[in-house]
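Protein chains in written order, with my numbering: chain H, 1 to 113; chain S, 1 to 111.
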């Protein structure tokens, strides 16, 4: 299994540009999440999904959209990038049930100028 | 807002020393997880705890789910250079399903 994969690894955007961060998992996990990591802030939940066709907002959803058309993929879209969205983005997945043990991808480092 | 307080924020130790870090909250938690993040990588799960008072080991790592259900501890014995990284606690608050994360403890080891 490849686990959780993310592309790209690095990205630089200009303010106002849009882009999609890709996330895929091959573990047949129903739950998938997107986090952003900023210095001294830990990991903050952006959006999550409990299964194909179902998404919900996390702690910091503004400026981001998600969709979940398949179990495997959970892309994160930045509609109009802002410097405040400069961060490292992690995708994670986990099995359904009560274990809450999430598996993280390698991250995407995004810089918005 | 931040519901977990993780301390210390950073540690500088000598190789071979033992390490202790903890997370506390004013809320009651149902689950505690401890992750390690290497530079440029995503967090990797080290230990998961599901019952108050539970003590679980993973090699040189030992973690405990506090009896009050409001805290958790991670100990690393006989540290080695590959223990360097950022350690995060995470947990699920009673009545909620989402994980909340601590701010992380950055561990640096002097050889």
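Even for Gly, the Cβ is constructed at its ideal location relative to N, Cα and C. Just so you know, these numbers come straight off a predicted model, no measurement behind them.
- Within chain H, no C-beta atom comes nearer than 9 Å to that of residue 29/S; the closest sits roughly 11 Å away.
- When rounded, the separation of the alpha-carbon atoms in residue 26/H and residue 7/H is 15 Å.
- Residue environment: residue 101/S is assigned as buried (16 or more neighbouring CB atoms within 10 Å of its CB, all protein chains considered).
- Scanning its chain for C-beta atoms nearer than 6 Å, with the 5 sequence neighbours on each side dropped, one finds around residue 86/S the residues 37, 104, 106, in chain order.
- Interface residue (Cβ-Cβ distance to chain S less than 7 Å): residue 90/H is classified as such.
- When rounded, the separation of the alpha-carbon atoms in residue 24/H and residue 75/H is 8 Å.
- As DSSP reads the structure, residue 93/H sits in a beta bridge with 32/H, 103/H.
- Not one beta carbon of chain S lies nearer than 7 Å to the beta carbon of residue 75/H.
- By the Cβ-count criterion, residue 30/S is buried, with 16 or more other Cβ atoms from all chains shown falling within 10 Å of its own Cβ.
- Leaving aside the five residues that flank residue 29/H on each side, the residues in its chain whose CB is nearer than 6 Å to its CB run, in chain order, 93, 94, 95.
- The C-beta distance from residue 44/H to residue 60/H rounds to 5 Å, short enough to meet the 8 Å contact threshold.
- The beta carbon of residue 111/H lies closer than 6 Å to those of 12, 86 in the same chain, with the five residues before and after it left out.
- Put simply, the backbone Cα of residue 4/H is about 23 Å away from that of residue 83/S.
- For residue 68/S, the nearest beta carbon of chain H is not closer than 7 Å to its own beta carbon.
- With 16 or more other CB atoms across the displayed protein chains lying within 10 angstroms of its CB, residue 25/S is buried.
- Within a 10 Å sphere around the beta-carbon of residue 102/H sit 16 or more other beta-carbons, which makes this residue buried.
- For residue 43/S, the number of other beta carbons within 10 angstroms of its own is at least 16, and it is reported as buried.
- When C-alpha distances from residue 68/S are compared across 54/S, 61/S, 18/S, the shortest belongs to 54/S.
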